[in-house]
Amino acid sequence: NRGRMKKLIMFSIKYGTLVYIAVIVASFFFVPVFLSHVLPRYLPAVTIFHIMIFAALTTATANATSSFLFAHQDQRASFFMILLQGLLIGTIGSFLMWQMGIMGAAVSFVAIEFLYIGSRLFYVLKKYPDMRFALGDMIHASEEEKVFFSNLTKKLRIN
Numbered sequence: 008n009r010g011r012m013k014k015l016i017m018f019s020i021k022y023g024t025l026v027y028i029a030v031i032v033a034s035f036f037f038v039p040v041f042l043s044h045v046l047p048r049y050l051p052a053v054t055i056f057h058i059m060i061f062a063a064l065t066t067a068t069a070n071a072t073s074s075f076l077f078a079h080q081d082q083r084a085s086f087f088m089i090l091l092q093g094l095l096i097g098t099i100g101s102f103l104m105w106q107m108g109i110m111g112a113a114v115s116f117v118a119i120e121f122l123y124i125g126s127r128l129f130y131v132l133k134k135y136p137d138m139r140f141a142l143g144d145m146i147h148a149s150e151e152e153k154v155f156f157s158n159l160t161k162k163l164r165i166n
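Numbering-wise (the working numbering), the sequence shown opens with residue 8 and increments by one.
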């Protein structure tokens, strides 16, 4: 059922991204404290970590598009996406490392993730137009979502 698959992809991107935002915010503050107490010699690497952690924003979309391409047995697209990733690493990664050193490696990691995952999402939405959804659907909760969360909160209440 294509409509159900579209909802699953949209929900996994929407709520997965929200979970990763929470992880990013928590780790942004927790990791420096943890390192200062447990592994203080790695404290200088916190700046690089703070840059690279933003690549986690693409994880939910990466998981959804990978699952979708696998389910549709679209190995050709997966192969070309891997070639694209190699090309991005070779060009953007090399250039930014040359220009910025180790910080360039961190910045290129994030930039390449966004470009690579963005191109995978673009491919899925271009090849399978019935999978497209409005940006507003990602922001607003549908009636189905409201019912789900209402039932979830009822079940989680402790009397």
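Heads up, the beta-carbon is just placed ideally off N, CA and C, and yes, glycines get one too.
Beta-carbon separation (whole angstroms), residue i vs residue j, contact threshold 8 Å
i	j	result
Gln-92	Tyr-123	5 Å
Ala-113	Ile-58	4 Å
Tyr-49	Ala-84	Not a contact, Cβ separation roughly 39 Å.
Asp-144	Met-17	6 Å
Thr-66	Tyr-27	5 Å
Glu-120	Ala-62	4 Å
Leu-132	Arg-139	5 Å
Which listed residue (the options) has its alpha carbon closest to that of residue i
i	options	result
Arg-9	Pro-136, Lys-162 and Asp-144	Pro-136
Delimiting residues of the alpha helix (DSSP H) encompassing residue i
i	result
Gly-143	142-146
Ala-118	109-134
Ala-84	82-95
Where residue i falls: helix, strand or coil (DSSP)
i	result
His-44	helix
Ser-101	helix
Ser-73	helix
Arg-11	helix
Test: residue i CB closer than 8 Å to a CB of chain C
i	result
Gly-111	Absence of chain C from the displayed structure is noted, only one protein chain being present.
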